[in-house]
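Protein chains in written order, with this note's numbering: chain A, 1327 to 1745; chain B, 676 to 1054.
Input: a single structure, listed below in structure tokens.
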Amino acid sequence: MDRVILHSDLNNFYASVECLYRPEIRDKPVAVGGDQEARHGIILAKNYLAKATGIQTGEVIWQAKRKCPALVIVPPNYPLYMRYSHLARDIYADYTDQIEPFGLDEAWLDVTGSCPLFGTGTHIADEIRERIKAEMGVTASVGVSYNKIFAKLGSDLKKPDATTVITPENYKHVVWPLPAGDLLYVGRSTNKKLASCGIIGIGDIAKASPAYLRLRLGKWGEVLWSFANGYDSSPVARAGEESVIKSIGNSITTPRDLETEEDVRMILYILSESVAARLRDHGFKCRTVHIHIRDKDLFTFGAQGKLAQPSAISSEIAEKALAIFQANYTWEKPIRSIGVRGGDLVTAASNIQISLFDDENRRIKQENLEVTLDSLRSRFGHHSVQRAILLQDNDLMSINPKDDHVIHPIAYFKEGRLP
Amino acid sequence: MNFSIEQKDLASLTNLVYRAASNKNAIPVLAGLLLSVDPESGLTITATDMEIGMRVSAKNVDVTEPGSVLVNALYFHNFIKSLPAMRINLQYDKETAKLNVIYGRSTGFINTYRDFEYPNLPIDKMEDRITIPQAVLKEALKKTAFAAAVTHFRQVFTGILFDVKSNGELKVVASDTHRLAYFSYEMEQAISEDTKFIIPQRTANEILRVLDESDEPFKIAFNENNVVFYREGFLLMSRLIEGQYPVYEQVIPQSFSTFINIKTSTLGEILERARTMPGDDSLKMQYIQLTVANNELRINAYSELMGELDERVEEVDIEGEQDQKISFNTNYFLDAVRVMQTESEDIQLKLSGTLGPAMIQNPANEKYIYILVPLRTSN
């Protein structure tokens, strides 16, 4: 029996939520953008009025303003979006327990087992849309199909506030004429490769031979072919089943360009503190440290190194990150953004082989100290305790990566594996 | 060049040196063996990849015409070792640049490198010399080299330290930071000043292939960058590992809280059994937990995947503090016990607390010490 899968996409989610809370801007072009002062100034989301002027997500704010001088830019309020995201999830949970969120504003629902109770997939989709509109004040587009890929395609077809049904009978008419780039995982470079061998639409992918696609695109070729033919059988994860964490990292575009090693040292300490605190939150230690640098001209590079011992101690992570930085960065340009990531995770309860040349008792004390700092910060706020090194620069000191950046990227395939 | 030699003599020579030739293609001549003959010194074969270099020589050859050629080390060695055991004749043909090999009524030839420039082994200006019996050098390397790290971001931990004191004490030390093996020996001669050098693990393994149990002296000469191990008819030159070896004396504990004497064979068997337990979690580390209480030693190995092993050790003698639990990496422990199995019926284990380093020793021999650092466990 075919599965019944819905994909619900909250329309212009960030902008819609903002408009809900600010009646005065509802009839104006609105975009949610990063903090212009702090320079992470790109458009994160926009409403339909703004979209009509040609503004695109990811665009720099000043470019957007040039296209639409009347554009109202509001700063993002992630806690609010999270709340709305959870409200939507509560509505979904009335229909099924197989809910797989994809970002804050999208989710897949497997309602195969719920149809005898609530009616057809289309009926459930319409009911969910009605409830989201009535209970939350925003709108959603819902795709209904027999696999996750087509359900997602469906939700993109008609916006806002619409239901699109893609069945084994009609998918050749509905899906195949769409451009290849609409398919999940066909990004700009894949699209270019496909176009170079005459594959323009999703139908062209479906009709090509999988062996040929594999030749051109590697193993992704076959995956895309099965997507285009509706052979995707990946399950919808159950509610609460979180994807396995592979690494924990933070990055930041700094309020001003970093010019000296001392600047970098400060930022690495700020980021490492956050990485270490989040490792402890999740009960992990990391064995490798990765850094990621983007310079003033947006040129990026990354490097990594192995820690002597698995660690969730911020100074160990920071010093390793600094050592990697010193060994790899030649300071041709000032730095615009930096990221630190702890990888190769082990659970904090794992046995650790002590080193003959380290003082393990000192490390234990250090760990206890950091746990104490965690609890101080959770009671009195992040800025209640600071490292002395950060007192040198007020701009940099104001950064709080742990609380300001909690959006995790989500992969379609769990544990990074192909189906 | 033209000479004759017994096949098995030539094969045993090439077997010693061919591994010193480079197996990378960056500099072609380094993949070669340099064969030189002259009536006085006989046959000399040299191979080097610039990290390590070896030279062997033999007098039992009949030299008709002196000269030298460079041949590919691997091809030459494989060919010579497969020849029948008989006297063989090797002749270099200048016109074709081929080395003809004549064995009985059959012949073969091996291509040679033309107009090659083969590097000299940098063995000039080596003054500091120490001499130790082969058997001692063999014991020293065998008991320490395995403890060095295979890879480590601090290069010195991938090597074996030779710490030579001016009073004639020689200390050979290797550590991967988790365990440390220490061997000491009193040489008959004194040297001018304290010196230290660190040899790569590969060098140690190559010398071990050559050494036997005899008391024949083996000489060691060194300068800042290189070390040479040599005896009559054999020479091995190696690059030294640069860097400062940490002060190992400081991490060898001086006092202990608990002393345990066990039969070496009993402990060995337990550890071999414990080693059948797979390591859990992503670290894949196999470990054992020792519990000392009521004059009893229990050794426990546990694996979520496989099961559990709980041994009460027979014939054990415990002195000092009791009531403690301490965990070790099974394989690191077993490495030490395997060394002890070759020389002693009993093994002494000295503990210095749950997180402090432990010492494993032959109670009758203070010359060899193995330090093992415990695991920090969450329970």
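Think of the CB as a built atom: it goes at the ideal place given N, C-alpha and C, for glycine as much as any other residue.
Who are the Cβ neighbours of residue i in its own chain at under 7 Å, not counting the five residues just before and after it?
| i | result |
| --- | --- |
| A:Glu1344 | Val1356, Val1358, Val1400 |
| B:Asp887 | Gln809 |
| A:Cys1523 | Arg1542 |
| B:Val731 | Leu688, Leu691, Val692, Ile720, Gly908, Phe909 |
| B:Asn747 | Ala706, Gly707 |
| B:Glu740 | Met676, Asn677 |
| A:Glu1655 | A small fix is needed here, since residue 1655 of chain A is Tyr in this sequence, not Glu. Around A:Tyr1655: Ile1619. |
| B:Ala760 | Gln682, Lys683 |
| A:Leu1346 | Gly1463, Val1464 |
On a CA-only basis, which of the options is nearest residue i? Give me that one, please.
| i | options | result |
| --- | --- | --- |
| A:Ala1714 | A:Ala1488, A:Asp1436, A:Ile1593 | A:Ile1593 |
| B:Ser994 | B:Asn969, B:Val731, B:Lys871, B:Arg884 | In the sequence on display, residue 994 of chain B carries Glu and not Ser. Among B:Asn969, B:Val731, B:Lys871, B:Arg884, the Cα nearest to that of B:Glu994 is on B:Asn969. |
| B:Thr870 | B:Asn898, B:Gly943, B:Lys938 | B:Asn898 |
| B:Asp803 | B:Gly834, B:Lys894, B:Tyr767, B:Ala879 | B:Lys894 |
| B:Ile702 | B:Pro794, B:Arg730, B:Leu749, B:Asn1006 | B:Pro794 |
| B:Arg884 | B:Leu911, B:Phe858, B:Leu796 | B:Leu911 |
| B:Ile974 | B:Ile835, B:Gln929, B:Lys959, B:Leu946 | B:Leu946 |
| B:Ser930 | B:Leu774, B:Arg1013, B:Ile1046 | B:Ile1046 |
| A:Lys1498 | A:Gly1507, A:Gly1527, A:Arg1582, A:Glu1548 | A:Gly1527 |
| A:Val1615 | A:Gly1609, A:Phe1651, A:Lys1632 | A:Lys1632 |
| B:Ala733 | B:Lys683, B:Phe751, B:Asn1037 | B:Lys683 |
| B:Ile916 | B:Thr878, B:Tyr923, B:Phe904 | B:Thr878 |
| B:Glu861 | B:Ala949, B:Ala815, B:Leu709, B:Ala1039 | B:Ala815 |
| B:Lys742 | B:Leu855, B:Ile763, B:Leu942, B:Leu774 | Here residue 742 of chain B is Gly; the residue named in the question, Lys, does not match the sequence. Nearest of B:Leu855, B:Ile763, B:Leu942, B:Leu774 to B:Gly742, Cα basis: B:Leu774. |
| B:Val847 | B:Glu881, B:Arg914, B:Tyr920 | B:Tyr920 |
| B:Thr960 | A:Ile1678, A:Thr1626, A:Glu1642 | Here the sequence assigns Met to residue 960 of chain B, which means Thr is not the residue at that position. Taking only the C-alpha atoms, the option nearest B:Met960 is A:Ile1678. |
| B:Glu983 | B:Gln964, B:Gln997, B:Val776, B:Ala820 | B:Gln964 |
Leaving aside the five residues before and after residue i along the sequence, list all residues of the same chain whose C-beta is less than 8 Å from its C-beta, in chain order.
| i | result |
| --- | --- |
| A:Glu1568 | Since pLDDT at A:Glu1568 reaches only 47, below the 50 mark, its modelled position is unreliable, and the value read off the structure follows with that caveat. Once the five neighbours on either side are set aside, A:Glu1568 has no close Cβ partner at all. |
| B:Pro797 | Asn900, Asn901, Met912 |
| A:Ala1634 | Ser1681, Asp1684 |
| A:Val1562 | Ile1331, Gln1424, Ile1425, Glu1426, Trp1434, Leu1435, Asp1436, Lys1474 |
| B:Pro892 | Thr806, Ile807, Pro808, Gln809, Arg906 |
| A:His1608 | Ile1571, Ile1574 |
| A:Thr1702 | Before going on, a small fix: residue 1702 of chain A reads as Leu here, not Thr. Answer for A:Leu1702: Ser1710, Val1711, listed in chain order. |
| B:Leu745 | Val704, Gly707, Leu708, Leu709, Leu710, Thr787, Tyr788, Phe791, Tyr793 |
Just reading off the alpha helix (DSSP H) that residue i is part of, what are its end residues?
| i | result |
| --- | --- |
| A:Asp1452 | 1447-1457 |
| A:Ser1701 | 1686-1706 |
| B:Thr819 | 809-819 |
| A:Ser1552 | 1545-1554 |
| A:Ile1574 | First-last for A:Ile1574: 1574-1584, but that is the beta strand (DSSP E), not the alpha helix (DSSP H). |
| B:Asp684 | 682-692 |
| A:Asp1482 | 1474-1483 |
| A:Pro1427 | Counting along the chain, A:Pro1427 falls outside any alpha helix (DSSP H), though it belongs to the beta strand (DSSP E) covering 1425-1428. |
Counting only the same chain and skipping the five closest in sequence on each side, list residues whose C-beta sits under 6 Å from that of residue i.
| i | result |
| --- | --- |
| A:Lys1611 | Pro1636, Ser1637, Ala1638, Val1672, Ala1674 |
| A:Leu1483 | Thr1490 |
| A:Gly1529 | Trp1502 |
| B:Glu792 | none |
| A:Arg1457 | Ile1417 |
| A:Arg1604 | Ile1574 |
| A:Asp1692 | First, the amino acid is wrong: residue 1692 of chain A is Gln here, not Asp. For A:Gln1692, where only same-chain residues beyond five positions count, the Cβ hits under 6 Å are Ile1639. |
Check for me: the beta strand (DSSP E) holding residue i runs from which residue to which?
| i | result |
| --- | --- |
| A:Trp1311 | Residue 1311 of chain A falls outside the range modelled here, since chain A spans only 1327 to 1745, and no answer is possible. |
| A:Asp1335 | 1331-1336 |
| B:Leu965 | 962-968 |
| B:Met912 | 909-914 |
| B:Tyr923 | Where B:Tyr923 is concerned, there is no enclosing beta strand (DSSP E), although the alpha helix (DSSP H) it sits in stretches over 923-926. |
| request: Pull out every residue of the stretch 1665-1684 of chain A whose Cβ sits closer than 7 Å to any Cβ of chain B, in chain order. | output: Across the stretch 1665-1684 of chain A, CB contacts with chain B closer than 7 Å involve Val1672, Thr1673, Ala1675, Ser1676, Asn1677, Ile1678, Gln1679, Ile1680, Ser1681, Leu1682, Phe1683, in sequence order along the chain.
| request: Taking only runs that begin and end inside the stretch 713-766 of chain B, name each unbroken alpha helix (DSSP H) of 4 or more residues, in chain order. | output: Here the runs fully enclosed are 748-756.
| request: Residues of the stretch 1681-1710 of chain A with a CB closer than 7 Å to any CB of chain B: list them in chain order, please. | output: Near chain B, meaning a CB-to-CB distance below 7 Å, the residues of the stretch 1681-1710 of chain A are Ser1681, Leu1682, Phe1683, Glu1686, Asn1687.
| task | Note down, in chain order, all residues in the stretch 962-980 of chain B with a beta-carbon under 9 Å from any beta-carbon belonging to chain A. | result | From the stretch 962-980 of chain B, only Tyr962 have a Cβ closer than 9 Å to chain A.
| said: List, from N- to C-terminal side, the beta strand (DSSP E) runs of 3 residues or more that fit wholly inside the stretch 1589-1654 of chain A. | reply: Listed in chain order, the complete beta strand (DSSP E) runs (minimum 3 residues) inside the stretch 1589-1654 of chain A are 1610-1621, 1626-1637.
| task | Would you list, in chain order, the members of the stretch 1614-1637 of chain A that have their beta-carbon closer than 8 Å to a beta-carbon of chain B? | result | Of all residues in the stretch 1614-1637 of chain A, Gly1631, Lys1632, Ala1634, Pro1636 have a Cβ within less than 8 Å of some Cβ in chain B.
| message | Output needed in chain order: residues of the stretch 981-1002 of chain B with a Cβ under 8 Å from some Cβ in chain A. | response | Going along the stretch 981-1002 of chain B in chain order, one finds Ser1002 with a Cβ nearer than 8 Å to chain A.
| field | Interface residues of the stretch 834-861 of chain B facing chain A [CB-CB below 8 Å] | value | Along the stretch 834-861 of chain B, the positions whose C-beta sits under 8 Å from a C-beta of chain A are Ser850, Thr852, His853, Arg854, Leu855, read in chain order.
| Of all the residues that make up the stretch 915-928 of chain B, which are near chain A by a beta-carbon distance shorter than 7 Å? | The stretch 915-928 of chain B vs chain A, Cβ under 7 Å: Pro921, Val926.
| What beta strand (DSSP E) runs, 3 residues minimum, are completely inside the stretch 1338-1380 of chain A? | Listed in chain order, they are 1356-1359, 1369-1372.
| request: Give, in chain order, every unbroken run of the alpha helix (DSSP H) that is at least 4 residues long and sits entirely within the stretch 876-907 of chain B. | output: As far as the stretch 876-907 of chain B is concerned, its whole alpha helix (DSSP H) runs of at least 4 residues are 876-885.
| said: Please list, in chain order, the residues of the stretch 1018-1051 of chain B that have any C-beta partner in chain A closer than 7 Å. | reply: Of all residues in the stretch 1018-1051 of chain B, the ones placed with a Cβ closer than 7 Å to any Cβ belonging to chain A are Leu1030, Pro1032, Ile1046, Val1048, Pro1049, Leu1050, Arg1051, in chain order.
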